[in-house]
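Taking it in order: structure first as structure tokens, then the write-up.
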Amino acid sequence: MKVKRYIASNTQEAVNKIKKELGNNAIILHTRKIRKGKGLFKYFTKPLVEILAASDDSPIDNNIATKVSKDTPVWGSGVQPGNGWQYISSLEKRVDSMSNTLNKLYNKINHLRDDNKYPEGIQPLVERLRENEVSKEIIGQLVQRVLNGPAVEDNQAYQRLFEQAIVSMLGEAQPLSINNERKIIMLLGPTGVGKTTTLAKLAAIYSTQTSKKIGLITADTYRIAAVEQLKTYAEILDLPLQIIYSPEEIGEAINRHSNKDLIFIDTPGRNLRQKQQFDELRQLVTLSKAGEIFLAISATTSFSTISNIIESYSFISNYRIILTKIDECTSLGNVLNIRCFTDNPFAYVTTGQSVPDDIEVFQAGKIAQILMGSSSV
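Each residue of the sequence shown is one higher than the one before, counting from 1265 in the numbering used here.
Right, dumping it as structure tokens:
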């Protein structure tokens, strides 16, 4: 069997390449979207399609082939097996077209009433924010800031004012602050947002780029994979790791790291609607006496879920936000939408799985430029 990877700007182009090289009997093994480049901007470039395809050059038993063709309606009525590629391609185009049409129609109906209340130069900028899935409440606040600002004479000036308003709303980044004191750093957040990998990135940065002594603690023993993952990172970085199974053990684990400058604590992503799990996490936070607390929120999270997350962790007031999985989202509207629920500062964004490379200090100016389309990708 011959297996080959194809990369193209869209599915049809990739399919054409596969047909040309492997023939109409090729089999698609895997399909995914990818982006090329480095840094934050690459995640807002046009995605490419990557298809893993295979063809079997071995001879086919004609008797079996004949039986299948007679007894099994492979593609359905009126569609011949040899036209399978064309059928799939045509179906994909029709579904995409219908989806795009419905989305555009919905947006026009949903926002038509609001458009006439904005000055002409503001309307396209408001539409851009909508396309980035910024909430109506946040858009209203931004427009109000712009209209309350200095008078402008051209549309570019409006764009600059919107960028300034976004930067002001997002605020300055507050990453981990390091001094001569010992720091206990705790990462919180729902399951699946990438807490363990993010903790490993920060630990790797400070263990390799500073003279600080690092210790690790994990309380995420509900997922075997999380413990093993952090164990692996600890071995690679040559860092000591303590594993605890209840909040009461956190004090002893911290004491075992008494000679460390920075102690990073990984926590489980619990269901905080269940009182027992909520109480355990609250006890862990209290007993750890962590001076630096970070709440990890995935950039792919829906608007309503962000509200639930912020509410669930409202028992902590001094946390900072790490926005994860920027590389997996198609718009940055939720960065602003978080401001509907909390004014807590942003600290970092994560842009992939690579440790320690794929983490950056949050940059409000860069986010504003991407949202308003003035960044040079």
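Positions of the beta carbon are idealized from the N, C-alpha and C atoms, including for glycine.
Predicted model only: the values in this text are computed from it and were never measured.
- Closest by C-alpha distance to L1452, out of P1414, I1557 and I1570, is I1557.
- For Q1473, the secondary structure class from DSSP, reduced to helix, strand or coil, is helix.
- The C-alpha of V1599 is placed about 11 Å away from the C-alpha of F1605.
- The beta carbon of Y1583 lies closer than 8 Å to those of L1452, I1557, F1558, L1559, Y1577 and N1608 in the same chain, with the five residues before and after it left out.
- Exclusion of the five residues before and after V1491 leaves T1482, D1484, T1485 and I1507 as the residues of its chain whose Cβ lies within less than 8 Å of its Cβ.
- DSSP, reduced to helix, strand and coil, places L1440 outside both helices and strands of the structure shown, so it counts as coil.
- Taken in chain order, the complete beta strand (DSSP E) segments of 3 or more residues contained in the region 1553-1634 are 1556-1562, 1584-1588, 1610-1614 and 1623-1625.
- Just so you know, the alpha carbons of L1466 and R1409 end up roughly 36 Å apart.
- Partner residues in the beta bridge of G1479, as assigned by DSSP, are I1527.
- If you draw a 10 Å sphere on the C-beta of A1611, you find 16 or more other C-beta atoms in it, and that means buried.
- Q1538 sits in coil when the DSSP states are folded into three classes, being neither helix nor strand.
- Take L1312, set aside five residues on each side of it, and the residues of its chain with a beta-carbon closer than 8 Å to its own are I1271, A1272, S1273, K1297, I1298, R1299 and K1300, in chain order.
- In the DSSP assignment, R1487 falls outside any alpha helix (DSSP H), carrying neither H nor E.
- For the 8 Å CB-CB criterion, G1456 and G1533 form a contact.
- In the structure shown, I1403 falls within a helical segment according to DSSP collapsed to helix, strand and coil.
- The region 1422-1439 and the region 1624-1632 touch, with no fewer than 3 CB-CB distances between them shorter than 8 Å.
- Nearest Cα to Q1493 within the set V1619, G1637, Y1470 and A1290: V1619.
- In its own chain, leaving out the 5 sequence neighbours on each side, no residue places its CB closer than 8 Å to the CB of Q1540.
- Our two residues, N1572 and S1562, have alpha carbons roughly 13 Å apart in a direct line.
- Burial of T1615 is indicated by the presence of at least 16 other C-beta atoms within 10 angstroms of its C-beta.
- In terms of Cβ geometry, L1293 and K1266 do not form a close pair [threshold 8 Å].
- Sequence-distant partners of V1613 (beyond 5 residues in either direction) whose C-beta falls short of 6 Å from its own C-beta, in its chain, are L1587, I1590, E1624 and F1626.
- Spanning the alpha carbons of I1442 and K1553 requires a straight line of approximately 17 Å.
- With fewer than 16 other beta carbons inside 10 angstroms of its own, F1579 counts as exposed.
- Contact between I1570 and N1523 does not hold, since the beta-carbon distance rounds to 39 Å and is not under 8 Å.
- T1275: member of the alpha helix (DSSP H) spanning T1275 to L1286, first to last residue.
- Comparing alpha carbon positions, the residue from N1280, K1281 and Q1617 closest to G1458 is Q1617.
- Of the candidates I1518, E1427, L1505 and I1315, I1315 places its Cα closest to the Cα of E1277.
- Rounded to the nearest whole angstrom, the CA to CA distance from N1412 to F1426 is 12 Å.
- For I1448, the enclosing beta strand (DSSP E) stretches over residues K1447 to L1452.
- Closest in alpha carbon position to L1501, among S1510, E1516, Y1470 and Y1509, is Y1470.
- R1269 sits exposed, since fewer than 16 C-beta atoms from the chains shown fall within 10 Å of its C-beta.
- For L1393, no beta strand (DSSP E) run applies; the uninterrupted alpha helix (DSSP H) run containing it begins and ends at Q1387 to E1395, by DSSP.
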